[in-house]
Each structure stands twice: as C-alpha cells, then as structure tokens.
Amino acid sequence: MEITTARLKLVPMTEQHWQLFYNLHTDLEVTSLCFDPPSIEEIQAKFQARLNHWTKDVSSWLCLVVINKANNLPVGITGFLYEDDIAQVGYLFLPQYYGNQYATESLNALLKWAISEHSIHQFKAVVTEGNAASERVLVKCGFKLINIVPEAFEINGKNYSDFVYQYNSSP
Numbered sequence: 148m149e150i151t152t153a154r155l156k157l158v159p160m161t162e163q164h165w166q167l168f169y170n171l172h173t174d175l176e177v178t179s180l181c182f183d184p185p186s187i188e189e190i191q192a193k194f195q196a197r198l199n200h201w202t203k204d205v206s207s208w209l210c211l212v213v214i215n216k217a218n219n220l221p222v223g224i225t226g227f228l229y230e231d232d233i234a235q236v237g238y239l240f241l242p243q244y245y246g247n248q249y250a251t252e253s254l255n256a257l258l259k260w261a262i263s264e265h266s267i268h269q270f271k272a273v274v275t276e277g278n279a280a281s282e283r284v285l286v287k288c289g290f291k292l293i294n295i296v297p298e299a300f301e302i303n304g305k306n307y308s309d310f311v312y313q314y315n316s317s318p
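Position one of the sequence shown corresponds to residue 148 (this note's numbering), numbered consecutively onward.
So, in structure tokens, the structure goes:
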C-alpha cells in the first residue's frame, strides 16, 4: 500500500522507522502542544501497536510514514484511528520540515484514499489549544471546528482546551 502526491509518498510504518517515531515523540518542539513527553516504554508500546497490519474492521491506528519523494527522507507520520464509523486523524512532523505544507498535502491525500478505498466519510481531529499550525492544516483540508472542550487536557502541568474538528464527505 502506498499513497502518493506530487511531492510525497505515504507508506505503512515498519520497524525501520523506529528512530523517526522516537524523535517525533521526544522532540519538545513537536510534543509541547500535543502531549507530555512519554517514557521510552510508552513510546515503544505505541510504536509496536502501530506496526500491526491495518484493516477497517480492527480498532487500531493506521500509521503512515510521510516521505519526501525528492530525497527519500521521512518528514513525519500521519494516520487515523477508525472507530464507530469515524476516523480520528492525527499527524506529527519533524520541526525542520515545518512550513513546507507537508501536513496539509499528506492529510488531503489520506482523506481522499480513505474515502475512495474504504468508504470512510466521517473524520474528526482533536487539537490542543494554541496549536494554530495544526488548526490551519485542518481548515485547509476542509475540517470545521465543532466544539471546544475547556481544560480537557494537561500538558506539563498546564490545562488546555481541546478543539474538536470534523470533516464529512458525501457518500
């Protein structure tokens, strides 16, 4: 399975992507508006759970590595958890690639693939208050803000609101 765009290819995560996954979960620039830095054991457990072969019928994350086709280097990860007919999307990118529109390009490709290949038509995303870049990505991809949950999540001892976004495509 491979999803391609003009600049990117999205491929299932494998054991060879451990360093990328680890870096994304330990870089404070990445995690500061997403979650507290996890322990190595938590990172390993998340990684192993995302290596499973994904099917629409199994409640597990589809995790795809986003690769720059020009140099074949990984720039981040994207994917979704499909439950109760809704795919909750998520993505993390290495800071050196911020501003290149990779998150928007890869999320658009992921949405099109999920709709055309798996007839998934409802998507949601939860963004931590203050993560304006992730909010811009979602809006560019057609998501609408549907709810703000005050003080829903704590990161580094500070409470943040969750911004809940939704995208529906016509079946």
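Where is the CB? At the ideal position from N, CA and C, for every residue including glycine.
Owing to the predicted nature of the structure, the values given are computational and were not obtained by experimental measurement.
- With the rule of 3 Cβ pairs closer than 8 Å, the stretch 230-241 counts as touching the stretch 265-279.
- Where residue 259 is concerned, the enclosing alpha helix (DSSP H) starts and stops at 249-265.
- Contact between residue 225 and residue 157 is confirmed by a C-beta separation of about 7 Å, below the 8 Å threshold.
- When rounded, the separation of the alpha-carbon atoms in residue 166 and residue 243 is 15 Å.
- By the neighbour-count criterion, in which a residue is buried when 16 or more other Cβ atoms sit within 10 angstroms of its Cβ, residue 283 is exposed.
- Under the three-state reduction of DSSP, residue 236 is assigned to strand.
- Scanning its chain for C-beta atoms nearer than 6 Å, with the 5 sequence neighbours on each side dropped, one finds around residue 152 the residues 252 and 256, in chain order.
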